[in-house]
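Going by the UniProt record's numbering, the sequence shown opens with residue 1, and the numbers climb by one from there.
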Amino acid sequence: MGFKYEAIKAYLIDHGVDASLAETMHAIYATQRLGGTANAYFLIVFTEKEVFIISITPLGKLGEIIATLPEEMIKSYQFKKRLFIGYKLRFFLTDGRDLDFNVNKMMIGAGWHKKELQSILETNYYNKNN
């Protein structure tokens, strides 16, 4: 499930995201538990203006942009440290919904993931309460 970081930028630009915005992005792999041992895989891309949630196909390729969360829609987000494996990422939206994802500290085949995660942890993108 590894692809080059530059491929993410190219994907966003191919899907209509402004090139200058794509240059400011930070991307991380994330999962959601579907039940049992099944997980859905995503790429969560933070930019200065919005978050893109992109599905990852069973073959490990970038799928569809399944959600675009503009800055105005994001009340805040939180990374909660989990024992050993990483973080629970929760987006709190202005419409009252929460979106939860699991984020590992590192991903085999994606050396950029660890650096990108650290950049996101150090940046306060949309948290309006902080």
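Note that the Cβ used here is the ideal one computed from N, Cα and C, for glycine as well.
Please read these numbers as outputs of a predicted model, since none were measured by experiment.
Buried or exposed (CB count within 10 angstroms, at least 16 for buried), residue i
i, result
"G109", "exposed"
"G111", "exposed"
"N124", "exposed"
Beta carbon of residue i nearer than 8 Å to that of residue j
i, j, result
"L21", "E64", "no"
"A30", "L89", "yes"
"F46", "I53", "no"
"G86", "K105", "yes"
Secondary structure of residue i, DSSP reduced to three states
i, result
"D14", "helix"
"T117", "One point to set straight first is that residue 117 is Leu, not Thr, in the sequence displayed. Helix, per DSSP."
"E48", "coil"
DSSP beta-bridge partners of residue i
i, result
"N95", "Correcting the residue identity first, residue 95 is Asp in this sequence and not Asn. Per DSSP, none; premise fails for D95."
The ligand FAD heavy atom lying under 7 Å from the CB of residue i
i, result
"T68", "By its list of ligands, the structure shown contains no ligand whatsoever, and the ligand FAD lies outside what it can speak to."
Validate contact between the region 55-62 and the region 76-83 using beta carbons, cut 8 Å, 3 pairs: no
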